[in-house]
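Using the numbering used here, the first residue of the sequence shown is number 549, and each one after it goes up by one. What follows is a set of notes on a single structure, which appears directly below.
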Amino acid sequence: MPAKILDGKSCAEDFEEQLKSRISNCTVQPHLGVVIVGDDPASHVYVRNKIKSCERLGIRSTHLEYSSEITQSELEDVIHSLNEDTSLHGILIQSPLPSHLDEESLTDLINPKKDVDGFHPINLGRIVQGRLDGLMPCTPAGVMEMLRWANVDLSGKKVVVIGRSFNVGMPQALLLSSKGADATVTLVHSRTKDVKSECLSADIIIAAVGIPEMVKPDWVKSGCIVIDVGINRVEDSSHVRGWRLAGDVHPDVAKTASLLSPVPGGVGPMTVAMLMSNTVLAAEIQHQ
Ligand code: NAD
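Here it is in structure tokens:
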């Protein structure tokens, strides 16, 4: 039996419906500021999608675009002024930044109450403490929401998370193993000896590695649930534009898995939905 598709787009639509009623109960209109530096085409597409989602939901957005020549201290001044702007509830710095800019120290400057990416050390640290009511990183929070939506019982399940980045893999492992989710998590990474055999022992695999189609059909035991976080551009001359999007999971895994999230249309829409949710939460926190 081929895997059922874990449709992130439908999940995001259902999630946004609930969000609309929260927005209508907000005492202020949530307001997101999106900072983009340089002219990376993919980043501009991501920012446009985020702004479109804001418009759809009635969230105000301000798009702040800077040339790739901007200096670290100029960008720090931008963050300071956004922190001070009481009409704005969420600050997002679109990644990646040009290499002369230090993304980590800019994130440190964002007021944690406005940190809608959930990357500030205070917000990441809260997850370690099991305080899951704050601003959490959008992609791992989106994966948790997708699993809830699909009625996946995580308790006691063996989950393998591939990738240990601060924005996806590491917080994902913490959320899965937190009280209430109760999964038993193995976090594998570039120094893991035998990723395939770790995967073969998993009830659930979350792939967040950035290597196109790395997880092969013979890495997955029958009935496994597979969430593909990866978004990779691969050259494909059969495609009009000369490239296509590929996940971190080989499409033939659908033959072995019981549930598989597609790329595109899986985790991506949920990441944007969680950004919207964080913006609403940030407005709620600042206007309690
Ligand atoms: P990253 O490069 O920061 O981290 C990749 C991780 O993979 C690292 O921790 C590394 O140790 C691990 N890794 C590298 N090679 C490995 C190997 N051979 N075996 C096992 N582990 C290995 O990437 P990231 O930001 O976590 O993103 C991962 C993927 O998810 C990328 O394709 C990215 O585009 C995608 N992504 C998607 C969304 C979304 O909304 N769907 C959001 C964020 C990232």
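Every residue, glycine too, gets a C-beta built ideally from N, C-alpha and C.
Taking contact to mean at least 3 C-beta pairs separated by less than 8 Å, is the segment 773-785 in contact with the segment 804-812? yes
Rounded to whole angstroms, what's the CA-CA distance from Ala729 to Asp800? Just pull it up for me. 29 Å
Which value, in whole angstroms, describes the spacing of the CA atoms of Ile571 and His579? 11 Å
May I have the straight-line CA-CA distance separating Leu640 from Lys600, to the nearest angstrom? Taking the straight line joining both Cα atoms gives about 15 Å.
Cβ pair count under 8 Å reaching 3, the segment 656-675 against the segment 814-832: yes
Given this structure, state the Cα-to-Cα distance separating Leu554 from Arg696, to the nearest angstrom. 11 Å
Is it the case that the CB of Thr734 approaches a heavy atom of the ligand NAD more closely than 7 Å? no
Val708 and Ile773: beta carbons closer than 8 Å? With contacts defined by Cβ atoms closer than 8 Å, Val708 and Ile773 do not form a contacting pair.
Identify the continuous beta strand (DSSP E) that holds Arg789 and give its terminal residues. No beta strand (DSSP E) holds Arg789; DSSP gives it neither H nor E.
Does the segment 668-685 touch the segment 751-770, meaning 3 or more C-beta pairs lie closer than 8 Å? no
Does the ligand NAD have a heavy atom nearer than 7 Å to the CB of Gly778? yes
Beta-bridge partners of Glu613, as assigned by DSSP: Ile584
If I measure Cβ to Cβ from Glu693 and keep anything under 8 Å in the same chain, skipping five residues before and after, which residues do I get? Cys559, Phe563, Met818, Ala821 and Met822
Could you tell me which residues DSSP pairs with Gly638 in its beta bridges? Leu580
If you draw a straight line from the C-alpha of Trp791 to the C-alpha of Lys803, how long is it? 25 Å
Give a yes or no on whether the C-beta atoms belonging to Leu636 and Leu630 are separated by under 8 Å. Yes.
So Asn780 is in the beta strand (DSSP E); what residue range does that whole segment cover? Asn780 to Glu783 is the span of the beta strand (DSSP E), which, as asked, contains Asn780.
If distances are taken between C-alpha atoms only, which option among Ala805, Gly816 and Val815 comes closest to Pro550? Ala805
Among Gly638, Gln620, His798 and Glu613, which has the Cα closest to the Cα of Gln834? Gly638
Select from Glu613, Leu722, Thr740 and Ser738 the residue whose C-alpha is nearest the C-alpha of Thr732. The candidate whose alpha carbon is nearest that of Thr732 is Leu722.
At what residue ranges does the segment 718-793 contain a whole run of the beta strand (DSSP E), taking only runs of 3 or more? 732-736, 752-755, 773-776 and 780-783
Decide if the segment 667-676 is in contact with the segment 740-755; the criterion is three or more beta carbon pairs, one per stretch, under 8 Å apart. no
Whole beta strand (DSSP E) elements within the segment 629-704, 3-residue minimum: 638-641
Can you give me the C-alpha to C-alpha distance between Ser713 and Ile759, rounded to a whole angstrom? 14 Å
Any contact of the segment 650-659 with the segment 590-609, i.e. 3+ C-beta pairs under 8 Å? no
Restricting to Cα atoms, I'd like to know which of Thr734, Pro660, Ile753 and Gly586 is closest to Ser615. For the residues Thr734, Pro660, Ile753 and Gly586, the minimum Cα distance to Ser615 belongs to Gly586.
Bridge partners for Arg841 per DSSP, in chain order? This structure leaves residue 841 out entirely; the chain is present only between 549 and 836.
By how many angstroms is the C-alpha of His787 removed from the C-alpha of Ala689? 33 Å
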